[in-house]
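Numbering (our numbering), first residue to last: 278 to 417. Below: one structure, written as structure tokens.
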């Protein structure tokens, strides 16, 4: 791709690839990825559970998520199933060799609410949202 290899005058970073260019180059064929955007849970709470399943085989990750008493574990369980399905159905990877290669939770937009307090004051409540991503790859 000449666009990707061309020199840039404003910055030395390579150009971002579009989905079509990634497909043409075969980038992302060795992994399955699932993204949940605008999840109504704080990224801080998701990261606690996400760190438990990183670099684990997929069956072990399911077991950890099933028996972890956190709100984020149910969300991550569904997201992991989706990433596994994307890897096996779209990219033809072997389910038995899959492991959780990467996962992260970035902050989404914050919903701001007001809680009335004594003497006419008001406190701001921040209802945080997350953009959660799970990537599964095949062990070699």
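A virtual CB, placed ideally from N, CA and C, is assigned to each residue, including glycine.
With a threshold of 16 other beta carbon atoms within 10 Å, residue 392 falls short and is exposed.
DSSP, read as helix, strand or coil, puts residue 309 in strand. Secondary structure note for residue 330: its alpha helix (DSSP H) is the uninterrupted segment 320-330. The beta carbon of residue 332 is closer than 7 Å to those of 376, 377 in its chain, skipping five residues each way along the sequence.
Taking all protein chains shown into account, residue 312 has fewer than 16 neighbouring C-beta atoms within 10 Å of its C-beta and is therefore exposed.
Look at the segment 332-416 and you find these whole runs of alpha helix (DSSP H), each 4 residues long or longer: 335-343, 348-362.
Listed in chain order, the non-local C-beta contacts of residue 350 below 7 Å within the same chain comprise 326, 342, local neighbours out to five positions each way being set aside.
The bridge partners DSSP lists for residue 316 are 407. The shortest CA-to-CA distance from residue 364 to any of 294, 412, 328 is the one to 412. Scanning its chain for C-beta atoms nearer than 8 Å, with the 5 sequence neighbours on each side dropped, one finds no residue around residue 395.
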